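Just below is one structure, and these are the notes that go with it.
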Amino acid sequence: MIAEFMLQRTKANQVESVYKSFIKQYQDINSLAKARAHSIQKYTINLGIHWRATHFKEAAKYIMDNYDGQFPEDRTLLRKIPGIGDYVAGAILTVCFNRPEYVVDSNIARFINRFYGLQLTGEIRRKKPIIEKAQELFDYSDTRNLLFALLDFTALVCKPQKPECTSCILNQDCSLKSKYITPL
DNA sequence: AAGACGGGGAG
DNA sequence: CTCCCAGTCTT
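Numbering (the numbering used here), first residue to last: 32 to 215.
Now the structure itself:
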């Protein structure tokens with residue numbers, strides 16, 4: 032949850048050092064729940080979107096108060112926790128519990144849009160066809176590794192700009208095939 | 001359904 | 001200088 036909070040609209044290489052020092056300072060959910068707000072801000076100040084900082088303490092406190100420090104394994108319940116939206120809820124259910132649950136982030140949405148030829152534009156993450164295809168995609172026995180694989184794949188091959196279509200292992204099954212890629 | 005938030009790195 | 005990034009919250 033800590034990692035996913037920090038990664039919201041923020042690049043992974045920007046988060047890494049902050050995350051490491053953060054979890055060293057707050058080694059369990061109870062210490063985070065009791066932390067001072069300005070103390071937490073020292074770590075998150077250079078990540079941008081500052082109102083995110085309040086989520087760390089609020090979420091930790093919420094989980095202590097309502098679930099005695101144990102994360103619920105349910106999307107609806109997870110989403111009631113401050114700072115946790117549909118993405119983080121899905122990430123926790125897959126990465127932590129390997130449950131058969133879907134995850135949609137901007138990268139997975141882009142991959143689905145291309146692979147299935149949906150040709151959606153704008154904030155495609157929020158659109159129904161993307162969600163539905165993601166649910167099909169994550170109907171799988173090992174969603175934790177599927178998520179990690181998708182994140183790596185979309186970072187290295189099915190990139191936002193200049194995707195590596197010619198060397199892509201999914202090229203023959205992709206709606207784009209070997210045609211020249213128009214920017215999506 | 002659309003706008004705001006934000007520092008930091010890539011082009 | 002402009003655009004975008006492992007989204008969520010608020011109209």
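Glycine included, each C-beta is placed from N, C-alpha and C at the ideal position. Bear in mind the structure is a predicted one, so any value in this text is a computation, not a measurement.
TODO: Compare the beta carbon distance of residue 46 and residue 74 with 8 Å and say whether it is the shorter of the two.
DONE: no
Task: Continuous alpha helix (DSSP H) stretch holding residue 216: start and end - done: In the structure as shown, the chain begins at 32 and stops at 215. Residue 216 is therefore absent and cannot be evaluated.
Task: residue 65 versus 81, 95, 183, 53, residue with shortest Cα-Cα distance - done: 95
Open item on the list: By the three-class DSSP mapping on this structure, what secondary structure does residue 118 have?
Closed with: helix
Task: Element boundaries [alpha helix (DSSP H), containing residue 164] - done: 159–168
Task: Cutoff 8 Å; reference residue 157; Cβ partners in own chain excluding five residues on either side - done: none
- [ ] Please work out which residues of its chain come closer than 6 Å, Cβ to Cβ, to residue 164, disregarding the five sequence neighbours upstream and downstream, and give them in chain order.
- [x] 143, 147
Open item on the list: Taking 7 Å as the cut-off, is the C-beta of residue 70 nearer than that to any heavy atom in the ligand MN?
Closed with: Looking at this structure, you won't find the ligand MN or any other ligand, since it has none at all.
Task: Straight-line gap, residue 134 to residue 53 (C-alpha atoms, nearest Å) - done: 25 Å
TODO: Go ahead and pull the three-state DSSP assignment for residue 205.
DONE: coil
Open item on the list: What residue range does the alpha helix (DSSP H) around residue 180 cover?
Closed with: 174–187
TODO: May I ask you to report which of helix, strand or coil DSSP gives residue 196?
DONE: helix
Task: Neighbourhood of residue 60 by C-beta, 7 Å cutoff - its chain only, sequence neighbours within 5 removed - done: 91, 94, 95, 100
- [ ] Count the other C-beta atoms from every protein chain shown that fall within 10 angstroms of the C-beta of residue 35, then say buried if there are 16 or more, exposed otherwise.
- [x] buried
Task: Delimiting residues of the alpha helix (DSSP H) encompassing residue 109 - done: 106–109
Open item on the list: Excluding the 5 residues flanking residue 205 on each side, which residues of the same chain have their C-beta closer than 6 Å to its C-beta?
Closed with: 146
TODO: Taking only the alpha-carbon atoms, compute the straight-line gap between residue 175 and residue 183 and give it to the nearest angstrom.
DONE: 13 Å
Task: Pairwise C-alpha distance: residue 63 and residue 72 - done: 12 Å
Task: DSSP three-state assignment for residue 96, whether helix, strand or coil - done: helix
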